[in-house]
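What follows is one structure encoded as structure tokens, with my remarks underneath.
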Amino acid sequence: MVRGRSYPWGIIEVENEEHNDFIKLRQMLLRSHMEELKDATDMVLYENYRTQKLLSMGHVQDNNVFREFNPLVQLEEERRAHEAKMQKMEAEMAAVFQQKVNEKESKLKQSEEELYARHKEMKTVLEKQRTELDEKKKRAESTARPITPLEQHPTKGKKKNIFSGF
Numbered sequence: 109m110v111r112g113r114s115y116p117w118g119i120i121e122v123e124n125e126e127h128n129d130f131i132k133l134r135q136m137l138l139r140s141h142m143e144e145l146k147d148a149t150d151m152v153l154y155e156n157y158r159t160q161k162l163l164s165m166g167h168v169q170d171n172n173v174f175r176e177f178n179p180l181v182q183l184e185e186e187r188r189a190h191e192a193k194m195q196k197m198e199a200e201m202a203a204v205f206q207q208k209v210n211e212k213e214s215k216l217k218q219s220e221e222e223l224y225a226r227h228k229e230m231k232t233v234l235e236k237q238r239t240e241l242d243e244k245k246k247r248a249e250s251t252a253r254p255i256t257p258l259e260q261h262p263t264k265g266k267k268k269n270i271f272s273g274f
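Going by my numbering, 250 is the number at position 142 of the sequence shown; the sequence numbering is gapless.
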């Protein structure tokens, strides 16, 4: 028996390389996709057959035990977990930073208040000393005898002799 097709001008045989490229195409496809064909047969067809046989025998399978492992999904889960951890650490660091800023601000405010109070106290002490000095000055002026014009300028009215010491 020959696989082919009959036409008015002749017969075309499928497996004759002089008539067409079917054999070469079939070999190329089988060679390049053999692993995919094996994987699909194993994963889909055999697992379905196995599951149905076990169920017909009364066995119940726990699907968590035979969970498929996909490295891309695991990497994505690890990336999400890492991002969540980083966000949590950033939030904690921001909270600590804000707390330290608040502490510094409160210390600076307290120092400012202390400096202002000290300034105010020194200002009142200075004002008190100024008033005391003014009072002493007034008392000294009022109790002292009047100064005569000659006492104000001792050199006025007297001539100095430059040769007196010789």
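Note that beta-carbon positions come from the ideal geometry of N, C-alpha and C, so glycine has one too.
This one's a predicted model, so the numbers in the text were calculated from it and none came from an experiment.
I think residue i touches residue j, with their Cβ atoms under 8 Å apart; what is that distance to the nearest whole Å?
{"i": "GLU121", "j": "ARG111", "result": "7 Å"}
{"i": "ILE131", "j": "GLU123", "result": "6 Å"}
State the Cα-Cα distance for the pair residue i and residue j, rounded to the nearest angstrom.
{"i": "GLU184", "j": "MET194", "result": "15 Å"}
{"i": "MET136", "j": "ASP129", "result": "11 Å"}
{"i": "VAL152", "j": "GLN206", "result": "57 Å"}
{"i": "THR232", "j": "TYR224", "result": "12 Å"}
{"i": "SER214", "j": "GLU221", "result": "10 Å"}
{"i": "GLY166", "j": "ASN178", "result": "30 Å"}
Can you name the start and end residues of the beta strand (DSSP E) that residue i belongs to?
{"i": "TYR115", "result": "112–115"}
Quick one: give me the first and last residue of the alpha helix (DSSP H) that residue i is part of.
{"i": "GLU125", "result": "Here GLU125 belongs to no alpha helix (DSSP H), and DSSP marks it neither H nor E."}
{"i": "LEU153", "result": "Neither: LEU153 is in no alpha helix (DSSP H) and is coded neither H nor E."}
Spatial neighbours of residue i within its chain, please: CB distance less than 6 Å, with the 5 preceding and 5 following residues excluded, ordered by chain position.
{"i": "ARG113", "result": "ILE120"}
Once the 5 residues before and after residue i are set aside, which same chain residues still bring their CB inside 7 Å of it?
{"i": "GLY127", "result": "Note that residue 127 is His in the sequence shown here, rather than Gly. Closer than 7 Å at Cβ, skipping near neighbours: ILE120, GLU121."}
{"i": "GLN218", "result": "none"}
Notebook entry, point to check: At what residue ranges does the region 189–263 contain a whole run of the alpha helix (DSSP H), taking only runs of 4 or more?
Noted result: Runs of the alpha helix (DSSP H) inside the region 189–263: 257–260.
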